[in-house]
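Worksheet: the structure to be examined is printed underneath.
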Ligand SMILES: Nc1nc2c(ncn2[C@@H]2O[C@H](COP(=O)(O)OP(=O)(O)OP(=O)(O)O)[C@@H](O)[C@H]2O)c(=O)[nH]1
Ligand SMILES: [Mg+2]
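Numbering (the working numbering), first residue to last: 6 to 201.
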């Protein structure tokens, strides 16, 4: 095992000793589950089973519980008709707003088409009074892909510079190649005191 892997494993061991519960929010396919795997073990798989939209799952390791929230359209609901799909989406978003007290927002930085939807969802969430002042960590995932946006382009396209009422951090990561996962773990450890 290289020095770098040992360092990451040491960070991981610190992380899972903390008592915390955190939420990861993002559009489907952004890489939330991959990020949890990457933080937990460093493992990565191309063969992920998509979490069906409007879903919440919990992953617990050590003292840490990570809740994964999937945002975004859902083909199953859309089959019920656009209005009903939209209504269900609103109900689901309201539920999410009641339970998320800190935000880590995962974006697929290589999926240009979905960035505007990510932006809308993110800014809608930030308007919720219960999320006032809550620090925001935005993660642009899949930077191993050649078409991935640069950090500045992601910041611009998500309108992150217009968010002035809280601490905003943005890291570009790759779960696949374990890039900047150490920065994410470090951020989570530093902010764990404010976690619910
Ligand atoms: N190239 C690349 N692919 C990735 C990366 N992270 C995740 N993926 C792939 O993206 C797809 C979706 O990853 P998931 O971790 O299932 O994403 P998710 O956000 O949990 O998706 P849902 O559960 O469907 O909402 C999978 O095929 C992963 O292998 C990455 O860093 N680079
Ligand atoms: Mg998932």
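Backbone N, C-alpha and C fix where the C-beta goes; we use that ideal spot for every residue, glycine too.
Please read these numbers as outputs of a predicted model, since none were measured by experiment.
Residues that DSSP places opposite residue i in a beta bridge
i           : result
residue 113 : 146
residue 64  : 71
residue 190 : The partner list for residue 190 (beta bridge, DSSP) is empty, contrary to what the question assumes.
Three-state secondary structure assigned by DSSP to residue i
i           : result
residue 44  : helix
residue 195 : helix
residue 71  : strand
residue 163 : coil
residue 141 : strand
residue 29  : strand
residue 22  : coil
residue 177 : strand
residue 120 : helix
residue 133 : coil
residue 168 : coil
residue 80  : Its pLDDT being 45, under 50, residue 80 is placed unreliably in this model, and the value from its coordinates should be taken loosely. Looking at residue 80 - three-state DSSP - the assignment turns out to be helix.
residue 104 : Confidence is the limiting factor: at residue 104 the pLDDT is only 45, short of 50, which leaves the residue's position unreliable, though a coordinate-based value still follows. In this structure, residue 104 counts as helix in the three-state DSSP scheme.
residue 7   : coil
Beta-carbon proximity check, residue i vs residue j, cutoff 9 Å
i           : j           : result
residue 206 : residue 156 : This structure leaves residue 206 out entirely; the chain is present only between 6 and 201.
residue 190 : residue 154 : no
residue 20  : residue 69  : yes
residue 145 : residue 114 : yes
residue 71  : residue 32  : no
residue 14  : residue 47  : yes
residue 123 : residue 35  : yes
residue 177 : residue 159 : yes
residue 40  : residue 194 : no
residue 66  : residue 45  : yes
residue 110 : residue 136 : no
Whole-angstrom C-beta distance between residue j and residue i, which should lie under 8 Å
i           : j           : result
residue 171 : residue 140 : 6 Å
residue 43  : residue 183 : 6 Å
residue 112 : residue 143 : 7 Å
residue 130 : residue 168 : With a Cβ gap of about 11 Å, residue 130 and residue 168 do not count as contacting.
residue 181 : residue 149 : 5 Å
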